[in-house]
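What follows is one structure encoded as C-alpha cells, with my remarks underneath.
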Amino acid sequence: MVQVKDGRLMEHPILNFRRGKEVTIYFNGKQIKAYEGETVASALYAAGIRVFSRSFRWHRPRGFFCAIGKCSACMMEVDGVPNVRTCKVYVRDGMQIRTQTGFPSAERDIFAISDKIIDRIFPHGSQYTKFNNKLIRDFVLSQLRKMTGFGNPPKKEFQGNASYEEIHCDVLVIGGGPAGMSAAINAGKYGAKVLLLDENPFLGGQLVKQTHRFFGSAKHKAGTRGIKIAKILEEELRKIPNVDVRLETKAFGIYGREVGAVEKDKLLRIIPKKIVVATGAYERTLIFENNDLPGVYGAGGVQTLMNVYGIKPGNRGLIVGSGNVGLILSYQLLQAGVEVSAIVEAMPRIGGYFVHAAKVRRLGVPIYVRHTILRALGKDRVEGAVIAQLDEKWKPIPGTEKKLDCDFICVAVGLSPTHELLYQAGCKMKFVPELGGLVPLRSKYNETSVKGVYIAGDVAGVEEATAAIMSGRIAAIHAIVELGMGGEEAKKELEEALKDIEEFRAGPFGERIVCGIEKCILASEVEL
Amino acid sequence: MSYLERGYAEINELPPFPSEERMKKKSVAYVECPQPIPCSPCYESCPADAIKMDNINDPPIVDYEKCTGCMNCIRVCPGLAIFMLRLREDGKGEVTLQYEFLPWLKKGDKVELLNRKGEVVGTGIVNWVLPPERNDQTSLVRVEMDAKLIYEVRAVRKVRE
Ligand SMILES: Cc1cc2nc3c(=O)[nH]c(=O)nc-3n(C[C@H](O)[C@H](O)[C@H](O)COP(=O)(O)OP(=O)(O)OC[C@H]3O[C@@H](n4cnc5c(N)ncnc54)[C@H](O)[C@@H]3O)c2cc1C
Ligand code: SF4
Ligand code: SF4
Ligand code: FES
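In order, the protein sequences belong to chains L and S.
The first sequence lines up with residues 7 to 534 when you count with our numbering.
The second sequence lines up with residues 4 to 164 when you count with our numbering.
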C-alpha cells in the first residue's frame, strides 16, 4: 500500500527520500530517467534492468548484489572508462553506460547459449579434466578465455586533474562508520590532530540504512534509530575543529608508517602517528544452485537500495538467514510495502533477537528453522525458490522440498571483517569463526601486533553498533595516551571505557564475542 | 519447541498477566521480551521504577502495582515488545501497541486483529493514536476489542474499505 512510481518508493513510514534533479542517462544507448544522488546501479535497477554483466565462463547473467563496491557484479563501462563499479558512482546528466561483457550486450548476450550447450557436452570444471592431451586442453582453455573479458581499455589519454597532497596527523582513522566516528571524536576531543577517511560520499557506514530503533542502553543511544545515531555522531564530530573529514576517499595501503589513499582524483600520502582501522565488514554469500542469478542479493545490498535510494527491490522477497540482519530486513521490507515470502534458517533456532522475529511473525511471515534454500528458480532473473528441511547432519531431507513464490532472494548469512588493509599492513591475523572470519590479534586496547595500528568496530570482530562505538573510543583514547596527550583524565576514561564494554558483553549474546576475542588476544598480553 | 524455534512465544513462556482487577483500574505495561539481550531503554525510561532489570542483559520484569501506565517504555522499545493492556468498565478490552506502517492509523479506523502467529482473530476499532511525528515515526495506537482478545492480539492491520 506504499505508493511506488518508476520503481521508486514515493512514501515511507520512517524515511523521507529527497531526490535530486531529474537527469537522463544512457544505458547501451537507451535513454533512462534518473535523479541526482542516485548511483548508476540503483537508477538502472529502478528502470527494471536486472542483468548488469555476464560471467566470464559460461556467460551466465549477473546482477546487482552488494551495493557497496565489494562484489564486482555491477562493473560496466561508464563514459568510456571500463570496469567501473556502477553501485559506487553517481548519475550525471548525459552519462553513457555500457555493459562490457556479452555480445551485443549483457542483457541479450548470444554467447549465453554456451551455458546450456557446454554444460551438456562437458559439465562445469571438466575443461580441466576432459582433455588428457595438454595441447588440446590448452587450446580449448585459451578459446574459452577469449569469450570472457574485462571490457576494452580506454583509447584516449586521461584528461582530468590528477593531484597530490601530503598530510601529517596524530591519528588517522580509516572508515567513517560508528566505530570510526567514535574514534575520531574521542581522539579529537583531547586535542589530537585527526584525519578521518571514508570511501563513501557520506559518513555513517552501515548505520545509514538502519531505519529501526537500536538496542543497547539509553546511555549508548538505544531506542534511537540507526540513521539518527549516524547524524548525532556526525554532528558531534563536525564540532571538533581539529578533525579533518575526507569523504569519497579510499585508503589503499598501509606502508610502514605511511598510508596511501585516493581522494576523488587526488593521491594522498598520509603520515600519521597512530592509525585506527575501522573498515567494517562485508556480506558473505551462500552456496546453492543458481545463487548467481540476478535477484539473489546480499541483505545489506537490498537495504541500501531500499533505504538509502528509495528503490523498491521487488514484490516478494525470500530471506535466507535469521540473524538480526535477516529479521530486521524482513521488517523493513514490509514497511516498504514489499511482501516477505518466508525466512529460512539452517540452524534449529532463530539466530537473532527473539523480539525481532516476533515482530514479523505476528504479521504473518513464516519462519522455517532447520531449513535451507536448495535452488533459485528462473532463467534471467529470480522467479521462485525451492527450500527443504535439514536433518541432524545438515542434509536436505528428500520429500520435504517446498517451492516458494518470490522475485528476489536476500542472503543474510552473516558478515566478514573487511580485514585486507590490516593483512597488508603485516598484522598477525587469525581465523576466528566467532568474530566472523579473519581478524588481527590485538591487545585489550585494540592495538594490533603492528605497533600504532589499532582496530575498532566490525573489522575487529562482527558485533554491533554500540560495541563499535565503544571500541572506537577505547582505541582512540589509548592511541592519544600513548602520544602523551589527555593526561590523567584520558587514562581514567580509558579504564571506564573498558569496563563499559565488558559489562555490555556480559550476556549470552556477548559470550560468543568474548570467547572469540580470547582466541586472538596478543600473546604478549597473555603473559602479562 | 521454544519461542526461538517458532518465532512467537506461548503463554507459558511469557510473564504472568496482570490481574483483571489491576487491568480494570488503568492500563498497564505487559512486556513480551523473554530472551536475555543487551537492551534496556524500557528500564531507563520508566519514571515509576516499575521495571526491574539488574543487568542490561536481564529480561525486564514489570511490577504491575508500581506501573502508572505512563507509556514511556512503549514509546522507545526497539523490540516492539511492550503492550499496554486495559479492561474497561463496559466489558470491552484495549490493547495499545507500536505501529510503523503506511497508511498511518487514525482514530475510528477499523482494523483486523492479529495474534502472535499472524492469524486474524477478530476486528477492532482504533480509539486513540499518538501520531508518528510526535514519537520519531513510531505511532502508538490503542485498539478497542473483545475483552478476552487482549491476551493474544499483538498486531493490527487496516481493513481495506
Ligand atoms: C541489517 C543490520 C541491522 C543492524 N542492527 C543493529 C542494531 O539493532 N543494533 C546495533 O547496535 N547494531 C546493529 N547493526 C550493526 C551495526 O550497523 C554495525 O555493527 C556497525 O555499523 C559497525 O560499525 P563499523 O564502524 O565497524 O563499520 P561500518 O558501519 O561498516 O563502517 C565502515 C566504514 O568504513 C568505510 N571503509 C571501508 N574500507 C575503507 C577504506 N579502505 N578506505 C576508506 N573507507 C573505508 C566504509 O565505507 C564504511 O563507511 C546492524 C547491522 C545491519 C547490517
Ligand atoms: S508504562 Fe510507565 S510506569 Fe509503566 S512500566 Fe512503562 S514506563 Fe514504567
Ligand atoms: S526496551 Fe523492549 S526490547 Fe529492550 S529490553 Fe525493554 S522490552 Fe526488551
Ligand atoms: S560491487 Fe557493485 S553491486 Fe557489488
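Think of the CB as a built atom: it goes at the ideal place given N, C-alpha and C, for glycine as much as any other residue.
As the structure is a computational prediction, the values presented were derived from the model and not from experiment.
7 Å Cβ cutoff met for residue i and residue j
i	j	result
K237 of chain L	T310 of chain L	no
G467 of chain L	V445 of chain L	yes
G304 of chain L	C521 of chain L	no
K161 of chain S	V114 of chain S	yes
V8 of chain L	V46 of chain L	no
F115 of chain L	H174 of chain L	Phe is not the amino acid found at residue 115 of chain L; the sequence shown has Asp there. Cβ atoms of D115 of chain L and H174 of chain L: not closer than 7 Å.
G458 of chain L	K199 of chain L	no
S449 of chain L	C433 of chain L	no
Beta carbon proximity, residue i to chain L, threshold 7 Å
i	result
C49 of chain S	no
Y33 of chain S	no
C42 of chain S	yes
C36 of chain S	yes
R157 of chain S	yes
P39 of chain S	yes
E103 of chain S	yes
G125 of chain S	no
E8 of chain S	yes
Y154 of chain S	no
G84 of chain S	A small fix is needed here, since residue 84 of chain S is Ala in this sequence, not Gly. With 7 Å as the cut-off, A84 of chain S counts as an interface residue toward chain L.
I14 of chain S	no
Minimum Cβ-Cβ distance from residue i to chain S less than 7 Å
i	result
L504 of chain L	no
P300 of chain L	no
F220 of chain L	yes
R263 of chain L	no
P6 of chain L	What the structure shows of chain L is the stretch from 7 to 534, and residue 6 of chain L is not part of that stretch, so it cannot be assessed.
G513 of chain L	yes
E533 of chain L	Per-residue confidence for E533 of chain L stands at a pLDDT of 47, beneath the threshold of 50, marking its modelled position as unreliable; the derived number appears in the next sentence. False, the Cβ-Cβ gap to chain S never drops below 7 Å.
R355 of chain L	yes
I20 of chain L	yes
F510 of chain L	yes
S336 of chain L	no
V214 of chain L	no
V10 of chain L	no
Residue interval of the alpha helix (DSSP H) (run including residue i)
i	result
Q102 of chain L	Unbroken run through Q102 of chain L is the beta strand (DSSP E), Q102 to R104; no alpha helix (DSSP H).
K237 of chain L	G232 to R244
S188 of chain L	P184 to G194
Y337 of chain L	N330 to Q341
I393 of chain L	Taken as a continuous stretch (DSSP letters only), I393 of chain L belongs to no alpha helix (DSSP H), being part of the beta strand (DSSP E) at G390 to Q395.
N130 of chain S	Unbroken run through N130 of chain S is the beta strand (DSSP E), V123 to L133; no alpha helix (DSSP H).
E264 of chain L	Note, E264 of chain L: premise wrong, no alpha helix (DSSP H); beta strand (DSSP E) at E264 to E269.
N321 of chain L	N321 of chain L -> no alpha helix (DSSP H), and no H or E assigned at all.
Contact set for residue i: own chain, Cβ-Cβ below 6 Å, skip 5 residues either direction
i	result
E264 of chain L	I277
Y32 of chain L	Q102
Any non-hydrogen atom of ligand 5 closer than 6 Å to residue i Cβ
i	result
P63 of chain S	Although ligand 5 was asked about, the structure shown includes only ligand 1, ligand 2, ligand 3 and ligand 4 as ligands.
Residue range of the beta strand (DSSP E) that includes residue i
i	result
L178 of chain L	S169 to I180
Q309 of chain L	Where Q309 of chain L is concerned, there is no enclosing beta strand (DSSP E), although the alpha helix (DSSP H) it sits in stretches over A305 to Q309.
P423 of chain L	L421 to P423
H377 of chain L	H377 to L383
Q101 of chain S	K95 to Y102
S142 of chain S	S142 to D149
M312 of chain L	That residue, M312 of chain L, is in no beta strand (DSSP E); it is neither H nor E in DSSP.
I356 of chain L	First-last for I356 of chain L: undefined, no H or E at that position.
D250 of chain L	V249 to R252
Nonlocal neighbours in the same chain, by C-beta distance under 7 Å from residue i, ignoring five residues either side
i	result
K110 of chain S	V129, N130, W131 and V132
E28 of chain L	K39 and Y41
L534 of chain L	Residue confidence is low: L534 of chain L scores 43 on pLDDT, short of 50, so the model does not pin down where it sits. Its coordinate-derived value is still stated next. Once the five neighbours on either side are set aside, L534 of chain L has no close Cβ partner at all.
G54 of chain L	G13
A84 of chain S	V34, E35 and C36
Own chain, CB closer than 8 Å to residue i, minus 5 neighbours either side, in chain order
i	result
E295 of chain L	L380, R381 and A382
P106 of chain S	K161
R367 of chain L	I373
P402 of chain L	T378, L380, A394, Q395 and L396
A503 of chain L	M476, R479, I480 and I483
Exercise for review: Output, in sequence order along the chain, the residues in the segment 360-379 of chain L whose CB is closer than 9 Å to any CB in chain S.
Suggested key: Residues are counted here when their Cβ sits less than 9 Å from a Cβ of chain S; for the segment 360-379 of chain L these are F360, V361, H362, A363, A364, K365, V366, R367, R368, L369, G370, V371, P372, I373, V375 and R376, given in chain order.
Check your understanding: When Cβ atoms are compared, which residues of the segment 50-82 of chain S fall closer than 7 Å to chain L?
Key -> Residues passing the 7 Å Cβ filter: N58, I59, N60, V79, P81 and G82.
Review point. Given a limit of 8 Å on CB to CB distance, which residues of the segment 95-119 of chain S reach chain L?
Key: The segment 95-119 of chain S vs chain L, Cβ under 8 Å: E103, F104, L105, P106, W107, L117, N118 and R119.
**Study point:** Members of the segment 126-138 of chain S near chain L, C-beta cut-off 9 Å
**Key:** Those residues of the segment 126-138 of chain S that come within reach of chain L (Cβ to Cβ, closer than 9 Å) are P135.
Check your understanding: What are the residues of the segment 221-234 of chain L that lie near chain S, defined by any Cβ-Cβ distance shorter than 9 Å?
Key -> Correct list: F221, G222, S223, A224, K225, A228, G229, T230, R231 and K234.
Practice item. Please name the residues in the segment 474-496 of chain L whose beta-carbon is closer than 9 Å to at least one beta-carbon of chain S, in chain order. Key: Contacts with chain S (Cβ-Cβ distance below 9 Å) from the segment 474-496 of chain L involve no residue at all.
Point to revise | Proximal residues, the segment 302-314 of chain L versus chain S, C-beta separation under 8 Å | key: Listed by position along the chain: nothing, the set is empty.
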